[in-house]
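Encoded as structure tokens, the structure appears first; notes follow it.
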Amino acid sequence: MGNVSSIIFQRLLLGLVTLLIVSIVIFVAVNLLPGDFAELILGQGATPEAVSTIRRDLGLDQPLIVRYMQWLGGIATGDLGTSFAQLNFKTNLGGAGDVGVIDQILPRLSNTMFLALVTAAIAVPLAVTLGVLAALFRNTVFDRVANVATLSSISSPEFFMAYVLILFLAVLNPILPSLSNIFEGMSFTERLEKSMLPALTLTLVVTAHMMRMTRAAIINLLASPYIEMARLKGMSPMRVIVKHALPNALAPIINVIALNLAYLVTGVVVVEVVFVYPGIGQLFVDSVKIRDIPVVQACCLIFAAAYILLNLTADILSILSNPRLRHPK
Amino acid sequence: MSTIVWIVGALVVIAAGGYVFRLLGQMLTGNAPKYRDMSFGVAFGYVLAVALVIGTVWFYLQPTVVEVNGQQTAVASVTFFRWAVQAVILGSVAAYWFKFVGKNFGPEASRKAFRTMPLTASFGILIIGVYTFVAIFAGQIAVTTIIGLAIGFMVILAASRNRLNKDSHAGIGFLLFAILVICSVMYFVGPLAPYGQEEILGAANILPGGNTATGGDPAYPLGTDSIGRDILSRLIYGAQNTVGIAFVTTVLAFAIGVTLGFLAATLGGWLDQLLSRAVDVLMAIPSLIFALLLMTIASVWAPRLGIPLTYFMVLIIAVIDSTRVFRLSRAVASNIVVMDYIEAAKLRGEGLGYLIFKEILPNATAPLLAEFGLRFCFVFLTIAALSFLGVGIQPPLSDWGTMVKDLAPFINFAQFAPLAAVTPLLAAGAIALLTVAVNFVVDWMLHKSSGLKE
Amino acid sequence: MSELLEIRNLRLEGRSDEQWNPIINGVDLTLKKGEVLGLIGESGAGKSTLGLAAMGFTRDGVRISSGTVEFDGIDLVNASAAVKRGLLGKRIAYVAQSAAASFNPAHKIIDQHVEAPVQHGVESRAASIKDGIALYERLRLPNPGEIGFRYPHQVSGGQLQRAMTAMAMSCRPDLIIFDEPTTALDVTTQIEVLASVRDIVEQFDTAAIYITHDLAVVAQMADTIKVLLKGDEVETAETREMLSSPKEDYTKSLWAVRSFERPTKPAVNTGATPVVSIRNVDAAYGTVPVLHDVSFDIHEGRTVAVVGESGSGKSTTARCITGLLPPKKGEVLFDGEVLPANYKQRNKHQLRQAQMIYQMADTALNPRMAIGQIISRPVQFYTGLTGKGLRRRVDQLLDQIELEPDQYYNRLPSELSGGQKQRIGIARALAAEPKFIICDEVTSALDQLVAEGILRLLAKLQDSLKLSYMFITHDLATVRAISDEVVVMKEGRVVEQGEKRAMFTPPHHAYTDLLLSSVPEMDPDWLTNLLNERGVDNIGDAAVGKM
């Protein structure tokens, strides 16, 4: 086992290093912005006093490396800075101010997590079942229909799927609400109902991907000589699948699931916008539009972290389910 | 709740039907192997398929207008359903005839390709052809373009005379000639789009359909948008803008990715390490998110430098996507580099250029071509998503993603005026259709090159 | 009821290019209880397909189009899936070519061993495990009590192959199909597997179909031999009769292959400068040492065969000579001058003098280049010939390798057979007009008849062009046929070297002896005699030594 744990430790370390470098990339990218943040925040009507106030507030007079370290330190202590929009509000209009980025992001993040979980709960069992079926009945009519359907679903932009679903399930047959106005203190079932359409949209996209990858993995597996051997030993089809194929299929399927959940991270942005779902994707797009850099930066980091984490999980789980690594020579 | 009861009930009936079906099959055929060894799941599948077909036909035959309290009320869902079914049938028939034509005309090589391709692939090729045609001839084609092409083709023909055998030389000559003829004809036919993409015409918010009784206007078959631009023209120009920009971006991404990928695979060493690690990091950031971040920054730079934001977008997406191209081309080239014929060439003392262009590239074209199709789809969808989110292709260029965003509210009127909901779906559908088409073709190519048995 | 298996006029078809093509065209086969039938033929003869069909099994994309397969009176072609499942594993068992791929990596060996007996209700799990251990012992596996409780990847190839034979035996079947069980193994390992397989088949009086392409192997194993050629039966006869007096021309030609041997050349003048001289070379991949102090010379017009099992460092030596793997220590001399260690530092003239011919002609020729292009590139590159002169030289080279220039100039490698491709590889090497050619297992991927043609061609070219060859091979028959001198390698060291005649006559170095004596001979009594000679325990020791 020492072998495996050292491999996993290496992967974890690698993931951490990647995340660190990604944070540098994001930070540097943001600092490619021309001129001064301060002018950017205050826009056209910037007075010199306001500019210098903001410069001091943001520590813009410090060198780049110091600011990066401060930012990194902030992240570690849960302080992601202050939104420009809030700052502007405070400086120009004397508003309440000082609503940290973290306070803006946290509720949104939990909403997005909820959406992702609902999607995963529907999509994963569905996709794996359909994928295994398609592999078992490969080259039959069922497989071909599934192939065309999944290809079409993968190819369509998320907003196309979303509007088709809105058209049929919300407008023509008012079964589900087309807007997901979620707020705190909502009951679970109500929340579920409001998230249903965005979750279904994401399900359609992710299921297609996952199903195709599962199918490919299983077909690949069924072509192995040891599966033929099991059949030549007179084992029933059920036993061949459960006893011989499944233990080996676990690693690729886990990989497929984790990769697709990582894909959700991107898909969620467009879908949240279509359904006006108050998640982190919506916040991200809004911030991009008003160039609210601290929020954009923070959202970007969160998305990247989720993405890296899921890929890391896929990696580690497939190491754990590989008998060659679990039982070294 | 009643819906669930209905579904469960139907499934129970179908399950029973499957059992009966298998039993009947066994009895009627005297226990033929097909029914004897049939598992219950398969029998269930057959009956389920039959039930679905019957259900589709039944729903299709429902009336589109019903009388409620003495009033004629449209049943919009049936209308939409009929349109969808008709579109699928129309597409299949078109694909069938396209394949039929391809099977029977043209040189032997292309005829053979058409014979073995599935219907989906021929559908894909047809659609790609149509889009290309619409994109190129959306506006008026210039005389100088035609003359330039004619001269260029002559150069190509002259250069290829000694390199190709007679048949393929004649084939290429015929193809180039056909392109010139089409261009010349289209010069006189004029632009496909009835109006300009930025032209603001009289009335705003004219409904599609061209029927004055339902709020349409025959001059604008698909109606006009909220500031009075012709939607049909904008859809046609959208093909030029959206597809053209995506194509250019993909080509750029490939130029960067393939060059670096091949260099990394051939040279190895520190260059390979450096590039691979850099790509690992860039790929750790989800591409849409990264694109949005960089677009934010570009949107500040663009006005200061006086360069249109669209140029930035092309560059940003090309760079982000070139990482994926790098991965693939490096992997493909690494597999080729270990071949003995590369070793033989190295030991002969061949230079890097010969290795890459003569030995590696010709063997990498098949996977790279398939990847080009997939990358194009990805880039196309990314641009559409950016435009939909409002940070992609900028007005006054018309583009499908922006059109979907602008026209989306009309969907809510579908219940009362089905036609009103059509326009946003048309723009979104235009995006979906092209990516579906490309994916169908790529799927066929991959299937063919993997050597899998049908 | 004397016939255990009876196949009548069986036809099998395979699906490719959208149509069904015949694989087996009407073959008859009968097998009595306890009889062993050898099924031999070249690649593409349909041996494996026929073997599987004897179990009533066809792979995806293959179908039985007509004919019958009856096992103990049961019609396997029309039997239901359930009936067939009841027979497979219990009364008919299968031993596959690659044991490493045919054992499920997720389960322990013993769990896979007991699966058939337990699932078919033959005996309890505990009884089956006990029996398995007894079988392992019988098959002379090391640590029989413990080895089954390992995972497949923890056990070596030769041992896995024996464990699979034990697995096939677990239900004491009436019939076992052996599908090339020793093809992937080294000779010294092969002999252990052959001995144990034959022993256990005899002990339980099991009938078997033994599929192989190696005549000498089948001669040891089978009572009867059936020769297949492209899906047709050529002839069937009792083993001794078949070996002593084959009737058909095809069979005779197969037998004749082994008789090719070049006349012995006079010894090298002492003091002559060798063309290539390898001096005290040490090499390593990264930090893993592969070669230790390797030295030998290759003289003009002579062939030095480098022999050894997989992993002995033969190919690595070649890489050191070509400069692909610069040695850690020592040097390579060409015509008495030291070559730069890395090929990148060698000049055109130095590169030109040493050429290579590869094992897999498929990967050695660029599939996108026509034959003409492949051969003309080195000519152009080294001699600067162009136009008509270039074409004339390429035609001349094609003539030298006995291929019609006009017919082959524009073809792609994929349109050529394996032997023709290998000839193109030779022509490309000759195009540089070298003095020295490294032949890396050039015949091991080819069928015997084709391989012989290549060997004869190489011999002819050597005589006319005064070439020196370094001939890497693991096959001692090839060594006997073509070499003048032999270098035996083991684990990166030269174990023994000398003139061929001296090497093939005792006394040998212990390892050379083991290697030489392990090569199967056409004599059906060879294995029996050898086992008697070595003594039974010796085989077991050899097995342990392999670990």
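Residue numbers (our numbering), protein chains in the order written: chain A, 1 to 329; chain B, 1 to 454; chain C, 1 to 547. All C-beta atoms in this analysis are idealised placements derived from N, C-alpha and C, irrespective of residue type, glycine included.
Closest Cβ-Cβ distance between residue i and chain A: below 8 Å?
| i | result |
| --- | --- |
| C:Y409 | no |
| B:L288 | yes |
| B:G390 | yes |
| B:S488 | Past the edges of chain B, shown from 1 to 454, lies residue 488 of chain B, and the structure says nothing about it. |
For residue i and residue j, I'd like the C-alpha separation in whole angstroms.
| i | j | result |
| --- | --- | --- |
| A:T77 | B:T402 | 40 Å |
| B:F254 | B:F376 | 10 Å |
| B:Y220 | B:E198 | 15 Å |
| A:H327 | C:S156 | 15 Å |
| B:F81 | A:P278 | 32 Å |
| B:G190 | A:V256 | 50 Å |
| C:V69 | C:A237 | 21 Å |
| C:A318 | C:R534 | 34 Å |
| C:I321 | C:I278 | 8 Å |
| B:C183 | B:I141 | 8 Å |
| C:T478 | C:S65 | 41 Å |
| C:A341 | C:N347 | 12 Å |
| C:A502 | C:V494 | 16 Å |
| B:S334 | C:T30 | 50 Å |
| A:S83 | A:L13 | 31 Å |
Please return the same chain residues whose Cβ sits closer than 7 Å to the Cβ of residue i, not counting the five positions on each side in sequence.
| i | result |
| --- | --- |
| B:A239 | Y131, V134, A135 and A138 |
| B:I317 | T249, A291, V379, T382 and I383 |
| A:L200 | L165 |
| B:F44 | I14, A15 and G18 |
| C:Q353 | F334, P434, K435 and F436 |
Leaving out the 5 sequence neighbours to the left and right, which residues in its chain are closer than 8 Å to residue i when beta-carbon positions are compared?
| i | result |
| --- | --- |
| A:I254 | A314, L317, S318 and S321 |
| A:V333 | Because chain A spans 1 through 329 in this model, residue 333 of chain A falls outside it and cannot be assessed. |
From the beta carbon of residue i, is the nearest beta carbon of chain C less than 8 Å away?
| i | result |
| --- | --- |
| B:L446 | no |
| A:M238 | no |
| A:Y226 | yes |
| A:N248 | yes |
Contact check, residue i vs residue j under 8 Å by CB: the rounded distance?
| i | j | result |
| --- | --- | --- |
| A:L172 | B:S2 | In fact, because the Cβ distance is near 18 Å, the residues do not count as touching under 8 Å. |
| A:A135 | A:I218 | 4 Å |
| C:P524 | C:L243 | 7 Å |
| C:S310 | C:H474 | 7 Å |
| C:L449 | C:S253 | 6 Å |
| A:V118 | A:S195 | 6 Å |
At the 8 Å Cβ level, is residue i part of the contact set with chain B, yes or no?
| i | result |
| --- | --- |
| C:R423 | no |
| A:K346 | The displayed coordinates of chain A run from 1 to 329. Any statement about residue 346 of chain A would go beyond what the structure contains. |
| C:F381 | yes |
| C:P327 | no |
| C:M356 | yes |
| C:S468 | no |
| C:A451 | no |
Quiz item: With contact counted as at least three CB pairs below 8 Å, one residue from each stretch, are the stretch 186-193 of chain C and the stretch 110-118 of chain C in contact?
Solution: Taking a cut-off of 8 Å for Cβ pairs, the stretch 186-193 of chain C and the stretch 110-118 of chain C do not touch, as fewer than three such pairs fall below it.
Exercise. Decide yes or no for the touch test of the stretch 240-251 of chain C against the stretch 457-469 of chain C: beta carbon pairs closer than 8 Å, at least 3 of them.
Key: Below 8 Å, too few C-beta pairs join the stretch 240-251 of chain C and the stretch 457-469 of chain C to call them touching: fewer than three.
Self-check item: Contact the stretch 88-106 of chain C vs the stretch 233-241 of chain A: 3+ CB pairs below 8 Å
Solution: With the rule of 3 Cβ pairs closer than 8 Å, the stretch 88-106 of chain C counts as touching the stretch 233-241 of chain A.
Practice problem: Indicate whether the contact test is met: 3 or more Cβ pairs, each with one atom in the stretch 148-163 of chain B and one in the stretch 91-101 of chain B, closer than 8 Å. | Solution: Verdict: no, contact absent.
Quiz item: Is there contact here, the stretch 131-146 of chain A with the stretch 289-296 of chain A, by at least three beta-carbon pairs under 8 Å?
Solution: Because the criterion of three Cβ pairs below 8 Å is not met, the stretch 131-146 of chain A and the stretch 289-296 of chain A do not touch.
Practice problem: Take every Cβ of the stretch 322-342 of chain C, pair it with every Cβ of the stretch 271-290 of chain C, and state whether three or more of those distances are shorter than 8 Å. | Solution: Three or more beta-carbon pairs drawn from the stretch 322-342 of chain C and the stretch 271-290 of chain C are found closer than 8 Å, and the two stretches are therefore classed as touching.
Quiz item: Between the stretch 199-218 of chain C and the stretch 8-22 of chain C, do three or more beta carbon pairs fall short of 8 Å?
Solution: Verdict: no, contact absent.
Practice problem: Tell me, please, whether the stretch 440-451 of chain B touches the stretch 32-47 of chain C by the rule of three or more beta-carbon pairs shorter than 8 Å. | Solution: Segments in contact, no.
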